[in-house]
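*Asks:* Numbering-wise, my numbering puts 150 at position 71 of the sequence shown, and it's gapless, one number per residue. The beta carbon of each residue, even a glycine, is placed where N, CA and C say it ideally should be.
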Amino acid sequence: MHDCHSTTTTTLAEDAMNYSSQIIDLFDNTDHAGVLQCHGDDVYVEQTGVAGRELFEISAQIKSDKIMAARFRTYGPPVLIAAGEWTCRQLEYQHVQALSSITEHTLIEALRLSDLAVHIVALVCSAVKKIEQRVN
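Right, dumping it as structure tokens:
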């Protein structure tokens, strides 16, 4: 007898054939997950997304035109989490000009994503651009 209503739960590791080793590594090593506390005017926080779907938030502490710390929070698929981690790694300890280097093309190339992931990387880029506009 076949049960048509059974559900199967898979973990990222079990579903690994859908993700590159780089995405899995970034997902498993989210050193930058979280949020920076606002203790002054040096922390910038921006959020993008659609309620009930993917959400992305990035926070950056900027002092003397240098990004001292970067953190992200997200609600979404592993690719969005990996993109958040990769972005924070690229930005932390860099000059604020590094904000302009985070583009959809850069993320797709760096993470070796298909064009189907454009909407995911667009969330990350949009939040980063908002911080860039506020800083400049």
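Quick check for students: name the residue ranges of the beta strand (DSSP E) that lie wholly in the region 163–200, counting only runs of 3 or more.
*Replies:* none
*Asks:* What does DSSP give as the partner residues of residue 136 in its beta bridges?
*Replies:* Bridge partners of residue 136: 126, 152.
*Asks:* How many angstroms separate the CA atom of residue 190 from the CA atom of residue 181?
*Replies:* 12 angstroms
*Asks:* What is the C-beta distance between residue 203 and residue 163, in whole angstroms, given that I count them as a contact (C-beta under 8 angstroms)?
*Replies:* Confirmed, Cβ separation roughly 6 angstroms.
*Asks:* In whole angstroms, what separates the C-alpha of residue 118 from that of residue 192?
*Replies:* 36 angstroms
*Asks:* Suppose contacts are defined by Cβ-Cβ distances below 9 angstroms. Is residue 127 in contact with residue 160 by that definition?
*Replies:* no
*Asks:* By a C-beta neighbour count over all protein chains shown, 10 Å radius and 16 as the cutoff for buried, is residue 211 buried or exposed?
*Replies:* buried
*Asks:* Using the rule of at least 16 other Cβ atoms within 10 Å of the residue's Cβ for burial, across every protein chain shown, is residue 158 buried or exposed?
*Replies:* buried
*Asks:* Using 9 angstroms as the threshold, is the C-beta distance between residue 149 and residue 170 below it?
*Replies:* yes
*Asks:* Counting only the same chain and skipping the five closest in sequence on each side, list residues whose C-beta sits under 8 angstroms from that of residue 166.
*Replies:* 137, 149, 151, 181, 186, 203, 207
*Asks:* Short of 6 angstroms in beta carbon distance, which residues of its chain neighbour residue 147, apart from the five on each side in sequence? Order them along the chain.
*Replies:* 140
*Asks:* Express the C-alpha separation of residue 114 and residue 153 in angstroms, rounding to a whole number.
*Replies:* 10 angstroms
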